[in-house]
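Undergrad:
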Amino acid sequence: MYIHGFEGSWFSHPFWRTRFLLERPEDLAALLASDVPAVLIDVERGVGPAPQVLPRSVSKAPAAGPRVVSFTPMDSARLDRDHVRKTIAQSKRAVKGLFDGARLGRAINADEVAPVVSDISAAVDRNPALFIDMARLKSKDEFTYLHSVTVCALMVNFARQLGLDEPAVRAMGLAGLLHDVGKMAVPDAILNKPGRLDDAEFALIRTHPEQGYAMIEKGEGITQEALDVSLHHHEKIDGTGYPHGLKGSAISLAARMGAICDVYDALTSDRPYKQGWTPLRAVSEMHGWEGHFDRELLFKFFRSIGVVPTGLLVRMRSNRLGIALPDGAKGTRSKVRVFHCALEHAPRTLEDVFLCGSGGADHVVSEEDPARWGFADWAGLSERLTAGRG
């Protein structure tokens with residue numbers, strides 16, 4: 133059967149994923165022996181419950197196992213949205229309590245924060261695009277707390293895109309959740325100021341990485357990734373960032389990832405002084421900032437969220453070349469119009485491949501240089517491809 137999700141806490145089930153095809157007898161045995169209260173199965177993607185055992189959509193399970201709930205894809209979409217909404221609300225309350233405590237001088241205990249990271253991680257695993265989209269829609273007065281929730285989710289999703297192991301994924305999630313705790317040392321009047329900051333106010337804002345590092349350094353179980361991201365998420369690859377002006381490889385992987393996730397969520401969120409940009413505008417602007425981000429990591433981040441700057445020549449997993457285009461008018465997703473075979477160096481019939489953050493049968497693997505492939509007039513070819521002419 134196809135497992136769509138588990139009810140209860142992340143710690144109740146023995147698997148690192150919440151969506152997968154249950155095939156191995158040992159996995160079934162582990163599930164039956166767990167404390168999971170209920171398991172959700174997608175009957176259109178795998179075997180459903182036996183009619184003689186489960187005559188209704190919800191059945192009473194044997195004492196040794198969880199309740200089984202089967203549903204249709206329409207039910208699945210509603211369940212996903214409800215689950216994401218609940219996780220975001222609970223995470224925001226937890227982060228607010230954590231940050232308020234830090235403001236009062238209470239030390240942060242990583243073990244107390246771990247369930248929040250786990251719940252966010254599980255929700256991202258279920259449906260990364262939905263979680264990131266819903267977390268992006270935050271009101272101006274709750275930005276500080278929900279920004280931390282969203283950056284946690286982006287870091288988890290990004291870490292999985294990079295193929296990091298699960299302990300590293302959790303460490304990146306914790307780093308994202310705690311990266312802005314130093315803003316608790318900055319007055320709300322400055323954080324939420326609708327106009328431009330003056331020099332003194334901006335100088336105070338720039339102290340928040342060091343303030344955050346000092347807050348979490350004295351905590352229990354704080355990882356090196358959390359310390360690095362808190363202190364260095366405003367460093368830039370060219371050395372023009374702050375607080376230490378680190379350059380290139382002197383900035384840790386976690387801090388380089390954190391810089392990307394932090395800026396992306398800030399750009400796509402409504403703030404007191406501006407309306408949030410669409411994801412497509414945000415990635416296009418970030419792609420154009422020379423010296424700000426690790427370029428290789430930045431493109432992998434684009435792949436992780438399923439949004440690629442319009443007009444780029446990209447190579448697909450299927451070894452086809454295509455041009456990145458918007459998927460619809462809202463600028464929330466991208467598609468690739470493939471037109472060329474990279475292996476045969478020959479044109480192909482135009483086909484649109486729609487991207488999603490979690491990847492699919494075919495997905496973007498790299499940005500390519502048009503000149504390398506002999507597309508001397510890339511501007512003209514781009515115009516024709518965009519118009520649907522090969």
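The sequence shown begins at 133 in the working numbering and counts up one residue at a time. We put the beta carbon where it would ideally sit given N, CA and C, even for glycine.
Would DSSP call residue 481 helix, strand or coil?
TA: strand
Undergrad: Helix, strand or coil: which one does DSSP assign to residue 174?
TA: strand
Undergrad: Do you know how far the Cα of residue 458 is from the Cα of residue 502?
TA: 19 Å
Undergrad: According to DSSP, which residues form a beta bridge with residue 137?
TA: 172
Undergrad: What does the alpha-carbon distance come out to for the pair residue 321 and residue 339?
TA: So the alpha carbons of these two residues sit roughly 16 Å apart.
Undergrad: Suppose only complete runs of 4+ residues qualify. What are the alpha helix (DSSP H) ranges in the stretch 225-281, listed by chain order?
TA: 242-258, 260-268
Undergrad: I believe residue 304 touches residue 288 by the beta-carbon criterion, under 8 Å. Please report the beta-carbon distance rounded to the nearest angstrom.
TA: With 8 Å as the limit, residue 304 and residue 288 qualify as a contact, their Cβ atoms being about 6 Å apart.
Undergrad: With 16 other CB atoms within 10 Å as the buried threshold, where does residue 268 fall?
TA: buried
Undergrad: Determine the direct distance from the alpha carbon of residue 166 to that of residue 431, and round the result to whole angstroms.
TA: So the alpha carbons of these two residues sit roughly 39 Å apart.
Undergrad: With respect to the beta strand (DSSP E) encompassing residue 321, which residues constitute its N-terminal and C-terminal limits?
TA: From DSSP, residue 321 is part of no beta strand (DSSP E) but of the alpha helix (DSSP H) over 320-323.
Undergrad: Going residue by residue through the stretch 321-398, where are the continuous alpha helix (DSSP H) segments of at least 4 residues, counting only ones entirely within it?
TA: 331-337, 340-349, 356-364
Undergrad: Whose C-alpha, out of 447, 137, 522, 467, is nearest the C-alpha of residue 504?
TA: 447
Undergrad: Starting from residue 441, trace the alpha helix (DSSP H) both ways and give me its first and last residue.
TA: If you look at residue 441, you'll find it isn't in any alpha helix (DSSP H); DSSP assigns it neither H nor E.
Undergrad: Could you check which residue in 156, 464, 451 has the C-alpha nearest to that of residue 497?
TA: Out of 156, 464, 451, 451 has the C-alpha closest to the C-alpha of residue 497.
Undergrad: Rounded to the nearest angstrom, how far is the Cβ of residue 172 from that of residue 137, given a contact under 8 Å?
TA: 4 Å
Undergrad: So, does the CB of residue 288 fall closer than 7 Å to a CB anywhere in chain D?
TA: Judged by its chain identifiers, the structure shown contains no chain D, having just a single protein chain.
Undergrad: Tell me where the beta strand (DSSP E) around residue 403 begins and ends.
TA: Element bounds for residue 403: n/a, residue is neither H nor E.
Undergrad: Could you spell out the range, first to last residue, of the beta strand (DSSP E) harbouring residue 456?
TA: From DSSP, the beta strand (DSSP E) with residue 456 extends over 452-458.
Undergrad: For residue 344, collect the residues of the same chain with a Cβ closer than 6 Å to its Cβ; drop the 5 residues on either side in sequence, then sort them by chain order.
TA: 313, 314, 362
Undergrad: Using beta-carbon positions only, say whether residue 216 and residue 266 come within less than 7 Å of one another.
TA: yes
Undergrad: Give me whichever residues DSSP pairs with residue 472 in a beta bridge.
TA: 453, 479
Undergrad: Can you tell me which residues form a DSSP beta bridge with residue 466?
TA: Beta-bridge pairing links residue 466 to 458.
Undergrad: So the candidates are 508, 444, 329, 410; which of them puts its Cα closest to the Cα of residue 460?
TA: 410
Undergrad: Quick check on residue 263: buried or exposed, where buried means 16 or more other Cβ atoms within 10 Å of its Cβ?
TA: By the neighbour-count rule (16 or more Cβ atoms within 10 Å), residue 263 is buried.
Undergrad: Leaving aside the five residues before and after residue 96 along the sequence, list all residues of the same chain whose C-beta is less than 8 Å from its C-beta, in chain order.
TA: The question about residue 96 has no answer here: the residues shown for the chain are numbered 133 through 522.
Undergrad: Closest by CA to residue 347, which one among 210, 307, 235?
TA: 235
Undergrad: Could you tell me if residue 401 is buried or exposed, where buried requires 16 or more neighbouring beta carbons within 10 angstroms of its beta carbon?
TA: Burial of residue 401 is indicated by the presence of at least 16 other C-beta atoms within 10 angstroms of its C-beta.
Undergrad: Which residues does DSSP pair with residue 496 in a beta bridge?
TA: DSSP lists 448 as partners of residue 496.
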